[in-house]
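Chemist: Chains as they are written, first to last, in the working numbering: chain L, 80 to 359; chain D, 80 to 359; chain B, 80 to 359; chain A, 80 to 359.
Positions of the beta carbon are idealized from the N, C-alpha and C atoms, including for glycine.
Model, not experiment: these values are computed from the prediction.
There are 4 protein chains.
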Amino acid sequence: MSGAEKDPLMLADVQNRKDNRQIALQRVGIKNIRYPITVLDRERGSQQTVANVNMYVYLPEHFKGTHMSRFVEILNQYRCEINIRTFQDILNEMKRRLASEEAHLEVDFPYFIRKSAPVTGTVGLMEYGCGLYGTMTDRLDMMLLATVPVTTVCPCSKEISEYGAHNQRGQVRVWVRFRKFVWLEDVIECVEKAASSEVYSVLKRPDEKFVTEAAYDRPMFVEDIVRAVCVRLKKMEEITWFAVEAENFESIHNHSAYAYTTVDMTGGNAGFIGGPPNLP
Amino acid sequence: MSGAEKDPLMLADVQNRKDNRQIALQRVGIKNIRYPITVLDRERGSQQTVANVNMYVYLPEHFKGTHMSRFVEILNQYRCEINIRTFQDILNEMKRRLASEEAHLEVDFPYFIRKSAPVTGTVGLMEYGCGLYGTMTDRLDMMLLATVPVTTVCPCSKEISEYGAHNQRGQVRVWVRFRKFVWLEDVIECVEKAASSEVYSVLKRPDEKFVTEAAYDRPMFVEDIVRAVCVRLKKMEEITWFAVEAENFESIHNHSAYAYTTVDMTGGNAGFIGGPPNLP
Amino acid sequence: MSGAEKDPLMLADVQNRKDNRQIALQRVGIKNIRYPITVLDRERGSQQTVANVNMYVYLPEHFKGTHMSRFVEILNQYRCEINIRTFQDILNEMKRRLASEEAHLEVDFPYFIRKSAPVTGTVGLMEYGCGLYGTMTDRLDMMLLATVPVTTVCPCSKEISEYGAHNQRGQVRVWVRFRKFVWLEDVIECVEKAASSEVYSVLKRPDEKFVTEAAYDRPMFVEDIVRAVCVRLKKMEEITWFAVEAENFESIHNHSAYAYTTVDMTGGNAGFIGGPPNLP
Amino acid sequence: MSGAEKDPLMLADVQNRKDNRQIALQRVGIKNIRYPITVLDRERGSQQTVANVNMYVYLPEHFKGTHMSRFVEILNQYRCEINIRTFQDILNEMKRRLASEEAHLEVDFPYFIRKSAPVTGTVGLMEYGCGLYGTMTDRLDMMLLATVPVTTVCPCSKEISEYGAHNQRGQVRVWVRFRKFVWLEDVIECVEKAASSEVYSVLKRPDEKFVTEAAYDRPMFVEDIVRAVCVRLKKMEEITWFAVEAENFESIHNHSAYAYTTVDMTGGNAGFIGGPPNLP
Numbered sequence: 080m081s082g083a084e085k086d087p088l089m090l091a092d093v094q095n096r097k098d099n100r101q102i103a104l105q106r107v108g109i110k111n112i113r114y115p116i117t118v119l120d121r122e123r124g125s126q127q128t129v130a131n132v133n134m135y136v137y138l139p140e141h142f143k144g145t146h147m148s149r150f151v152e153i154l155n156q157y158r159c160e161i162n163i164r165t166f167q168d169i170l171n172e173m174k175r176r177l178a179s180e181e182a183h184l185e186v187d188f189p190y191f192i193r194k195s196a197p198v199t200g201t202v203g204l205m206e207y208g209c210g211l212y213g214t215m216t217d218r219l220d221m222m223l224l225a226t227v228p229v230t231t232v233c234p235c236s237k238e239i240s241e242y243g244a245h246n247q248r249g250q251v252r253v254w255v256r257f258r259k260f261v262w263l264e265d266v267i268e269c270v271e272k273a274a275s276s277e278v279y280s281v282l283k284r285p286d287e288k289f290v291t292e293a294a295y296d297r298p299m300f301v302e303d304i305v306r307a308v309c310v311r312l313k314k315m316e317e318i319t320w321f322a323v324e325a326e327n328f329e330s331i332h333n334h335s336a337y338a339y340t341t342v343d344m345t346g347g348n349a350g351f352i353g354g355p356p357n358l359p
Numbered sequence: 080m081s082g083a084e085k086d087p088l089m090l091a092d093v094q095n096r097k098d099n100r101q102i103a104l105q106r107v108g109i110k111n112i113r114y115p116i117t118v119l120d121r122e123r124g125s126q127q128t129v130a131n132v133n134m135y136v137y138l139p140e141h142f143k144g145t146h147m148s149r150f151v152e153i154l155n156q157y158r159c160e161i162n163i164r165t166f167q168d169i170l171n172e173m174k175r176r177l178a179s180e181e182a183h184l185e186v187d188f189p190y191f192i193r194k195s196a197p198v199t200g201t202v203g204l205m206e207y208g209c210g211l212y213g214t215m216t217d218r219l220d221m222m223l224l225a226t227v228p229v230t231t232v233c234p235c236s237k238e239i240s241e242y243g244a245h246n247q248r249g250q251v252r253v254w255v256r257f258r259k260f261v262w263l264e265d266v267i268e269c270v271e272k273a274a275s276s277e278v279y280s281v282l283k284r285p286d287e288k289f290v291t292e293a294a295y296d297r298p299m300f301v302e303d304i305v306r307a308v309c310v311r312l313k314k315m316e317e318i319t320w321f322a323v324e325a326e327n328f329e330s331i332h333n334h335s336a337y338a339y340t341t342v343d344m345t346g347g348n349a350g351f352i353g354g355p356p357n358l359p
Numbered sequence: 080m081s082g083a084e085k086d087p088l089m090l091a092d093v094q095n096r097k098d099n100r101q102i103a104l105q106r107v108g109i110k111n112i113r114y115p116i117t118v119l120d121r122e123r124g125s126q127q128t129v130a131n132v133n134m135y136v137y138l139p140e141h142f143k144g145t146h147m148s149r150f151v152e153i154l155n156q157y158r159c160e161i162n163i164r165t166f167q168d169i170l171n172e173m174k175r176r177l178a179s180e181e182a183h184l185e186v187d188f189p190y191f192i193r194k195s196a197p198v199t200g201t202v203g204l205m206e207y208g209c210g211l212y213g214t215m216t217d218r219l220d221m222m223l224l225a226t227v228p229v230t231t232v233c234p235c236s237k238e239i240s241e242y243g244a245h246n247q248r249g250q251v252r253v254w255v256r257f258r259k260f261v262w263l264e265d266v267i268e269c270v271e272k273a274a275s276s277e278v279y280s281v282l283k284r285p286d287e288k289f290v291t292e293a294a295y296d297r298p299m300f301v302e303d304i305v306r307a308v309c310v311r312l313k314k315m316e317e318i319t320w321f322a323v324e325a326e327n328f329e330s331i332h333n334h335s336a337y338a339y340t341t342v343d344m345t346g347g348n349a350g351f352i353g354g355p356p357n358l359p
Numbered sequence: 080m081s082g083a084e085k086d087p088l089m090l091a092d093v094q095n096r097k098d099n100r101q102i103a104l105q106r107v108g109i110k111n112i113r114y115p116i117t118v119l120d121r122e123r124g125s126q127q128t129v130a131n132v133n134m135y136v137y138l139p140e141h142f143k144g145t146h147m148s149r150f151v152e153i154l155n156q157y158r159c160e161i162n163i164r165t166f167q168d169i170l171n172e173m174k175r176r177l178a179s180e181e182a183h184l185e186v187d188f189p190y191f192i193r194k195s196a197p198v199t200g201t202v203g204l205m206e207y208g209c210g211l212y213g214t215m216t217d218r219l220d221m222m223l224l225a226t227v228p229v230t231t232v233c234p235c236s237k238e239i240s241e242y243g244a245h246n247q248r249g250q251v252r253v254w255v256r257f258r259k260f261v262w263l264e265d266v267i268e269c270v271e272k273a274a275s276s277e278v279y280s281v282l283k284r285p286d287e288k289f290v291t292e293a294a295y296d297r298p299m300f301v302e303d304i305v306r307a308v309c310v311r312l313k314k315m316e317e318i319t320w321f322a323v324e325a326e327n328f329e330s331i332h333n334h335s336a337y338a339y340t341t342v343d344m345t346g347g348n349a350g351f352i353g354g355p356p357n358l359p
């Protein structure tokens with residue numbers, strides 16, 4: 080599928096034709112295009128990574144179709160930098176070039192942070208799955224996602240067993256709406272401080288001893304982790320709304336333990352716009 | 080994690096303890112447990128398949144945790160048959176045994192339908208990714224999902240080219256809320272009739288000729304497919320609400336073309352309950 | 080793509096034409112077709128499940144293409160039962176109908192076994208990812224796969240820490256070649272007995288205490304598990320060759336610990352045929 | 080798991096202990112660690128991307144385990160640049176620090192190439208899934224992977240139908256062993272020139288017309304594509320061995336058509352070392 084604002088060959092613009100079925104479409108566009116992007120990095124200024132991108136607009140009932148090629152052209156034009164400011168520009172450009180009153184942009188990407196082992200200080204890079212999601216109507220609704228791996232020690236197993244306690248890798252996802260800029264690093268830190276222990280890419284033996292004992296000293300259910308993250312996020316003034324999900328890849332089962340909740344810091348007046356948020 | 084209504088060994092019930100953080104959790108439970116199930120089959124009465132199951136309840140703020148093992152016990156007890164009636168029973172049993180005012184059940188499974196090639200009648204089985212989702216508070220909110228592969232021929236490519244037209248496999252997903260029983264087969268048929276052509280597991284040469292020409296005669300954008308499915312679903316009286324998504328795995332691109340919309344047949348009075356529907 | 084032995088409409092058989100590039104193809108056929116199948120079950124006689132199937136033949140250099148529709152017809156004809164005997168029949172039928180000297184069949188499926196919790200005896204179903212792979216030339220080369228989730232407690236973490244020990248879910252995959260029939264259940268048991276602890280779908284508190292302490296008493300690296308499985312499989316006389324892979328989803332890292340080895344019980348005279356085995 | 084060459088706290092080195100089971104392990108190490116890397120780029124000198132990395136060594140029978148943390152330390156040390164020269168250095172460092180006679184390194188990453196639409200010249204970036212795999216014993220065995228999306232028009236459908244022809248996105252994977260440096264760009268070009276048509280990230284209407292007609296003029300089975308790629312790769316003198324796989328995501332089926340073959344340009348004297356290549 081393709082389209083052009085001016086077509087030198089005078090090819091028919093099929094998408095632009097009338098449609099009489101009286102059905103507007105909430106989202107039309109392109110999905111799962113992979114693109115290299117640059118994002119802000121608190122420590123190093125910026126970071127190059129690879130994103131998975133979805134771009135949609137609202138299609139009024141009288142148009143047959145949208146012009147898919149324009150989405151990629153806009154992406155290519157702005158790809159140098161994806162941040163909260165350019166997000167707004169891209170969404171406005173989508174509205175303008177696709178002649179739509181509503182635009183959606185979803186960008187998921189791996190984000191890396193340098194992290195030192197807790198005792199030896201050995202350095203490695205940790206990957207966090209992150210995302211930026213935005214909807215623009217007459218105003219902007221933005222959301223940020225951070226996916227954070229953690230260690231969790233089971234409080235029940237610890238208490239009822241004479242020794243040991245089952246523990247496992249868990250994954251916490253936090254979606255955040257904000258009134259002013261929030262660093263991914265701050266959201267990630269909230270989660271890492273709330274778990275039985277942080278996870279590291281490299282640990283030497285003294286670090287492993289430290290992490291094992293620290294986690295055993297601080298057993299947590301998925302329910303505890305979600306609540307502990309909530310308590311911390313509630314203290315961040317920039318945040319207006321958040322959702323927290325914790326999933327434990329249970330070491331004694333072949334399925335996950337799961338907990339999830341949302342908190343609206345505006346007393347229900349956050350006034351979200353756009354379609355269904357891309358939530359669990 | 081585990082729990083027991085009566086514990087013969089008098090082990091501590093850690094989950095049952097008080098929590099003082101004043102944070103209720105919207106969903107706690109188990110995720111991604113795989114289980115063999117039997118579902119209703121319009122042609123053959125019933126069909127055995129393998130499901131991916133999520134089970135959650137609401138956790139009030141004063142409890143530390145839920146009892147994860149009870150979810151699996153309930154699943155094991157009811158697994159013989161998953162249908163709209165048993166769904167309600169399972170959800171009520173979850174509320175009862177977990178002492179919660181709200182329960183959620185999500186069941187995804189492959190579903191197979193016997194299908195004959197359009198000319199030679201050669202028989203094969205087609206797989207459709209299906210799902211049943213339910214939330215029980217004081218009443219039930221249920222949703223059904225059917226994922227249907229289709230062929231789509233691009234109208235723009237056909238019109239502007241002297242010969243040929245790019246086409247591809249597409250995937251349509253339909254979520255449906257209903258006031259009385261709906262067969263998966265009926266929803267699937269709605270989608271298959273709305274595409275450029277249906278997809279088959281086996282086609283002999285005369286069938287392939289038929290399918291190629293029929294699809295070329297009926298070019299459709301993702302936008303067209305979503306609208307055509309909407310038109311058909313609006314005629315099904317059992318349905319109170321639906322969402323339709325079409326995704327084309329474009330043959331000329333490495334990304335997808337996408338369209339999505341929802342239609343509320345109750346004039347906005349459907350009154351959905353429960354958390355965010357598991358939508359795109 | 081399609082084909083027919085006798086074409087009532089006299090449509091051209093393009094696949095059957097000559098190719099002059101002098102390049103034979105080791106494998107041509109269909110991939111990732113999902114089909115319901117019935118497999119042998121030691122406890123219950125048989126079990127219905129859903130398979131992912133690949134079917135390939137050798138294509139001599141002088142033929143332009145193979146007839147893809149025949150693969151699905153054969154699958155449909157034999158689907159009632161997939162076992163070691165029917166495997167041979169399907170492969171022979173593939174050779175005959177596709178006029179090829181070599182045929183390959185790969186069938187992956189979830190397999191469920193009833194399992195009782197170790198103390199309370201509470202019953203649940205456990206899923207194991209299994210596979211059957213076969214190549215037929217003038218003789219048959221068959222392989223069986225069992226994927227088994229396990230618990231692993233780290234020996235290093237246990238020894239250097241004053242209390243606790245990191246542990247996690249691991250996954251063991253075993254590929255087996257055999258001289259006579261082997262039950263999946265026997266291979267799976269070999270693995271479960273070789274881990275720090277088995278994994279269960281349902282555990283009550285007394286079971287959880289048991290599993291936690293038993294695992295802590297038996298710490299194992301991925302290297303230990305692979306070796307322990309090797310020791311057990313070497314005692315099974317039916318087996319002529321095997322490969323064992325252990326992967327730990329480390330609870331203190333965001334990556335896996337990994338070990339793998341193969342053992343040929345025939346002293347290198349196993350004489351495997353066919354293409355590259357579908358190994359890690 | 081972790082280890083240290085010199086341990087300031089004198090913690091026990093459990094991995095270093097003796098094992099008496101007389102079973103050497105072909106591969107032990109870390110799997111699925113994600114890391115940002117820089118690779119060579121023919122057009123721009125270098126390109127930053129994100130890799131999935133596996134690192135393994137051979138473990139002799141008398142050692143209990145390997146030291147997993149050293150793999151990450153080596154990765155962190157060399158991550159600046161992944162190319163054929165540094166690959167050799169990393170593998171040698173792995174052998175040295177893990178005291179092993181054999182080392183394996185597998186690096187998969189998305190790679191982006193700037194590509195202009197065929198008529199309007201509109202520029203976009205295309206993603207190709209690439210990989211570098213190496214085994215070092217007393218010498219080096221290296222392999223390169225390029226995954227290339229293509230358009231394929233079915234020759235049978237075109238010939239037997241009065242108009243139209245089913246076509247779809249296909250995916251071609253090429254693994255290459257070489258005697259001297261090969262650009263990923265050259266291998267990718269080989270595949271793109273061998274398909275019914277190349278795939279683009281952005282096409283305006285005149286481009287879409289061109290691509291539609293060009294593809295219709297050049298129908299190809301998966302078998303044809305594999306052979307056409309073989310013919311082209313055979314002319315590249317740097318290459319000593321290759322494997323080609325083509326998979327069509329059939330637009331008229333819900334499964335794939337598949338073809339695969341390998342060609343040894345050394346007359347069987349390539350003398351590959353290492354474990355099973357990571358092939359289909």
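By the criterion of Cβ-Cβ separation under 8 Å, what are the contact partners of R306/A in chain B?
Modeler: Ordered by position in chain B, the residues that pass the 8 Å Cβ test against R306/A are D98, R100, I102 and L104.
Chemist: When you check each C-beta in the stretch 219–246 of chain A against every C-beta of chain B, which residues fall closer than 7 Å?
Modeler: From the stretch 219–246 of chain A, only C233, P234, C235, E238 and I239 have a Cβ closer than 7 Å to chain B.
Chemist: As an exercise, report each continuous beta strand (DSSP E) stretch of at least 3 residues that is fully enclosed by the stretch 93–181 of chain B, in chain order.
Modeler: The qualifying runs are 104–120 and 124–138.
Chemist: Can you check DSSP and say which residues form a bridge with N327/D?
Modeler: Note: N327/D sits in a beta bridge opposite G249/D and A336/D.
Chemist: Residue range of the beta strand (DSSP E) that L219/L falls in?
Modeler: Counting along the chain, the beta strand (DSSP E) containing L219/L begins and ends at L219 to V232.
Chemist: Taking only the alpha-carbon atoms, compute the straight-line gap between L104/L and Y135/D and give it to the nearest angstrom.
Modeler: So the two alpha carbons sit approximately 32 Å from each other.
Chemist: For G249/A, which residues in the same chain have their Cβ closer than 8 Å to its Cβ, ignoring the five residues on either side in sequence?
Modeler: Counting only Cβ-Cβ distances below 8 Å, and skipping sequence neighbours, we find P228, V229, T230, T231, A274, V301, I304, A325, E326, N327 and F328.
Chemist: Should Q101/A go down as buried or exposed, given a rule of 16 or more other Cβ atoms within 10 Å for buried?
Modeler: Exposed, because fewer than 16 other Cβ atoms sit within 10 Å of the Cβ of Q101/A.
Chemist: What residue range is occupied by the uninterrupted alpha helix (DSSP H) comprising L204/A?
Modeler: L204/A -> not in any alpha helix (DSSP H); beta strand (DSSP E) instead, spanning V202 to M215.
Chemist: If you measure from the beta carbon of D92/L to each beta carbon in chain A, is any gap under 9 Å?
Modeler: By this cut-off, D92/L is an interface position.
Chemist: With a cut-off of 9 Å, does the C-beta of P115/L fall near any C-beta of chain A?
Modeler: Taking Cβ atoms only, chain A reaches closer than 9 Å to P115/L, which makes this a yes.
Chemist: Would a check of beta-carbon distances place M147/A closer than 9 Å to chain B?
Modeler: Output row for M147/A: interface = yes.
Chemist: For T128/A, go through chain L and note every residue whose CB falls closer than 9 Å to its CB, in chain order.
Modeler: P115, Q127, T128 and V129, listed in chain order.
Chemist: Measuring CB to CB, does V186/D end up less than 9 Å from M222/D?
Modeler: No. Outside cutoff.
Chemist: Starting from F289/D, follow the alpha helix (DSSP H) in both directions and report where the run begins and ends.
Modeler: First-last of the alpha helix (DSSP H) with F289/D: R284 to Y295.
Chemist: Evaluate G260/A with the Cβ neighbour count: other Cβ atoms within 10 Å of its Cβ, from every protein chain shown; 16 or more gives buried, anything less gives exposed.
Modeler: Looking at the sequence provided, one finds Phe at residue 260/A rather than Gly. When all chains shown are included, F260/A counts as exposed.
Chemist: Within the 9 Å Cβ cut-off, does C209/D reach chain L?
Modeler: Not closer than 9 Å to any Cβ of chain L, the Cβ of C209/D fails to qualify, so no.
Chemist: Classify K194/L as helix, strand or coil using the three-state DSSP reduction.
Modeler: Strand, per DSSP.
Chemist: Confirm, please, whether the CB-CB distance from F191/D to V129/B is below 9 Å.
Modeler: Going by C-beta atoms, V129/B is nearer than 9 Å to F191/D.
Chemist: Would the stretch 108–120 of chain L and the stretch 140–158 of chain L be scored as touching if the rule is three or more Cβ pairs under 8 Å?
Modeler: Yes: at least three Cβ pairs fall under 8 Å.
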